[in-house]
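Novice: Numbering (our numbering), first residue to last: -17 to 310.
#1: Taking DSSP as the reference, what is the three-state secondary structure of residue 176?
#2: In or out: residue 188 buried (at least 16 other Cβ within 10 Å) or exposed?
#3: What are the boundary residues of the alpha helix (DSSP H) that residue 72 is part of?
#4: Is the beta carbon of residue 273 sitting closer than 8 Å to the one on residue 235?
#5: What three-state label does DSSP hand residue 27 in the structure shown?
#6: Here's the rule: buried if 16 or more other CB atoms are within 10 angstroms of the residue's CB, otherwise exposed. What is residue 4?
#7: Going by the DSSP bridge assignment, what does residue 204 pair with across the sheet?
#8: Quick one: using the 10 Å Cβ neighbour count with 16 as the cut-off for buried, is residue 10 buried or exposed?
#9: Once the 5 residues before and after residue 200 are set aside, which same chain residues still bring their CB inside 6 Å of it?
#10: Take residue 186 and list the residues in its own chain whose beta-carbon comes closer than 6 Å to its own, dropping the five residues that flank it on each side.
#11: Using CA coordinates, which residue listed in 269, 173, 204 is at the minimum distance from residue 47?
#12: Tell me the DSSP secondary structure of residue 118 in three-state form.
#13: Since residue 234 is in the alpha helix (DSSP H), which residue starts that stretch and which ends it?
#14: By alpha-carbon positions, which one of 265, 191, 62 ends up nearest to residue 243?
#15: With 16 as the cutoff for other CB atoms within 10 Å, does residue 294 come out buried or exposed?
#16: Output the distance between the C-alpha atoms of residue 182 and residue -3, rounded to the nearest integer angstrom.
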């Protein structure tokens, strides 16, 4: 393709997006202004290894950045106890709201308004450094109209009126906890522009299935796969050696709940195989790393049974693929 023809293709595409010079100039100005905004926060985590509870805490507190935000912008109006309470409401809104909300209807309403007002202050700070379209990713559609009103009005009598009505309506319909969760999620999601997971979602931790489910609910996530992820993806695709390896590792670290409860894969057939083939075996080299609800000796025999299967499958795989050059 000639240079002039290639340029024409580019110009036609640009022309379809920006039909006249004014539209193009506005977009140029917008892009240049975006370059001058403060650097947005990118949260990078790795080696989760199925530790769902730890992952949830790290994501919910944005690796401690939310605490610094609260200390910087709310220390003048909230004491330490109130700041800690607010942070717990942001991190774990369901549990914290049940713990902190008490007293008369009027007291609960005042508390709810105060919490919402503090979260709104944090949200105003967070969006100053972000592009406007980013808000569409972090604010749910059902509450966007009123959030837009609150953000535009800044702190005023009208803001207090909106928050008061929000609190009263949700309290009257027993949905105040949902309202707090919505505001908390908006603040958490606005605090990080992108979440990057640098490999190894599962392995020795208890619930990789919960890890994946939680990451899927985050607004903007990117993955770099690790070797353990490759194992699990191979198993999910039906690669027999990977299936055996995943089951063996789950038994070794006592994390079979992710197989049985998370994915509905019963281990009863493996129990029968271990009983029939290794019922008298001490399996001393295959003792698990952690105690489980199953008998320790049974788990060792099950791990030995699946390990022998894995060795056989890997041997067959190597024989079928001499180009791997790993016969040794």
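All C-beta atoms in this analysis are idealised placements derived from N, C-alpha and C, irrespective of residue type, glycine included. Nothing here was measured: the structure is a model prediction, and the numbers come from that model.
Specialist: Taking the coordinates as given:
#1: The three-state secondary structure of residue 176, taken from DSSP, is strand.
#2: It counts as buried.
#3: Note, residue 72: alpha helix (DSSP H), 62 to 73.
#4: If you check the CB distance, residue 273 and residue 235 do not come in under 8 Å.
#5: Under the three-state reduction of DSSP output, residue 27 falls in the strand class.
#6: By the beta-carbon neighbour count (other beta carbons within 10 angstroms, threshold 16), residue 4 is exposed.
#7: Answer by DSSP bridge pairing, in chain order: 178.
#8: Exposed, by the Cβ-count rule.
#9: The answer, listed in chain order, is 177.
#10: Once the five neighbours on either side are set aside, the close Cβ partners of residue 186 are 31, 235.
#11: Minimum Cα distance to residue 47 is reached at 173.
#12: For residue 118, the three-state secondary structure derived from DSSP is helix.
#13: For residue 234, the enclosing alpha helix (DSSP H) has its first and last residue at 222 to 234.
#14: Minimum Cα distance to residue 243 is reached at 191.
#15: Here residue 294 is exposed: its Cβ has fewer than 16 other Cβ atoms, across all protein chains shown, within 10 Å.
#16: Cα atoms of residue 182 and residue -3: separation of roughly 44 Å, rounded to the nearest angstrom.
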